[in-house]
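Undergrad: Heads up: the sequence shown is residues 9 to 291, going by this note's numbering.
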Amino acid sequence: MVEISAENAFQIDFNFQQVPSALGVNIPPEAAAAMLNISVEQFTGYTEQAFAECTHVAQGLLDKRGTLGIIRKLKKSRKDAFSTIMTVGDSITTYRYGYAEILRALVGLVDPEQEATFFNHGRSGYTSTHGLEHTFTLYLAQRPDWVFLKYGANDTKRFGGDSSKLLVSIEEYTANFALMVESYVKIGARVVLLTPTPVVESIVNTNLEYQAMQMTWDNADIQACAKALKKIAKKNSVPLVDLVSLFTVKPDPFLYCPDGLHPGPAGHRLIIEAVLKAVHSYA
């Protein structure tokens, strides 16, 4: 077990060190460790420990009927010699124990001799507006075969009280997703949309750190985002992973990290299973 502080564990779990990557700059372990004021050995040891847990979860999923074929579908490129798989989103996507890293582990475990490229473009604090920008400045150039899109946790923040404006309006959120989906589909990528996950309102809105910033969430806003994504998914004939229905608007705190905002390992196990079903639904 790697010994680091709880604060450093949280920072690594949600990849705080990757925020400069918005500039297209690679952040090596040495730089990441320096940013977090820990040793390289602590950083790499912790990240390896986290990925080992994701691999353990992935191995369990491979024991389930149908999973092998689903991952083989992901690894079969329609454009190049190997498949490029991309997850795009916020801290819930970048989470070290999250659905995206479990998916990465699955891709590595199945037919390892068959090459595949996996990009986890989850970034803590990002909104769909960031996602739209980076779609055009970075992600489209990587020519993905598969794109898993999930934003909303930051878009639906409100600052200064319940009646204050959303950080990203539902109109802008809808326009951002519509253009992202259209752009990926245009280059031949298969897109899977994920709605935002509901929050545990009784926990997240009493969190002292969030209260100090006058930052709140309302699941009604998250439901509005989900409704918009359903229309976009239908228009573009792409599958939608409806996490609002899966978690419900009064989700079980057991499925979340202590902040009530981010799904924890148990929550992400539900998400990955829903994602695999969405991949299976593609012809």
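We treat Cβ as the ideally placed atom computed from N, Cα and C, and that holds for glycine.
All of these numbers come straight from a predicted model, not from anything done at the bench.
Could you round the C-beta distance between phenylalanine 167 and threonine 125 to whole angstroms and report it? I think they count as a contact, below 8 Å.
TA: Between threonine 125 and phenylalanine 167 the Cβ distance is about 38 Å, and since that is not below 8 Å, they are no contact.
Undergrad: Write down every uninterrupted run of the beta strand (DSSP E) in the segment 193-280 whose length is 3 residues or greater and which is fully enclosed by it, in chain order.
TA: Those beta strand (DSSP E) runs which fall completely within the segment 193-280 and span 3+ residues are 198-202.
Undergrad: Which of the three DSSP states, helix, strand or coil, is assigned to valine 118?
TA: coil
Undergrad: For the beta strand (DSSP E) containing asparagine 128, name the first residue and the last one.
TA: Asparagine 128 -> beta strand (DSSP E) spans 124-130.
Undergrad: What is the DSSP secondary structure of lysine 158, reduced to helix, strand or coil?
TA: strand
Undergrad: Report buried or exposed for alanine 108, applying the criterion of at least 16 other Cβ atoms within 10 angstroms of its Cβ.
TA: When all chains shown are included, alanine 108 counts as buried.
Undergrad: Quick test of the definition: if touching needs 3 or more C-beta pairs under 8 Å, does the segment 135-148 touch the segment 201-219?
TA: Cβ pair count under 8 Å is below three, so no.
Undergrad: Cβ atoms of leucine 269 and alanine 183: under 8 Å apart, would you say?
TA: Against a cut-off of 8 Å, the Cβ pair of leucine 269 and alanine 183 comes out as no contact.
Undergrad: Got a sec, what are the start and stop residues for the alpha helix (DSSP H) isoleucine 100 sits in?
TA: First-last of the alpha helix (DSSP H) with isoleucine 100: 99-102.
Undergrad: Measuring only the C-alpha atoms, how far is arginine 80 from histidine 64?
TA: 19 Å
Undergrad: Go to phenylalanine 59, then tell me how far its alpha helix (DSSP H) extends in each direction, as first and last residue.
TA: 48-70
Undergrad: On a CA-only basis, which of Ile20, Cys62, Glu38, Ile78 is nearest alanine 282? Give me that one, please.
TA: Ile78
Undergrad: Quick one: what's isoleucine 78 bridged to in DSSP?
TA: DSSP, once it has assigned bridges, lists no residue as partnering isoleucine 78.
Undergrad: Among Val252, Val193, Ala228, Gly169, which one has its Cα closest to the Cα of threonine 214?
TA: Gly169
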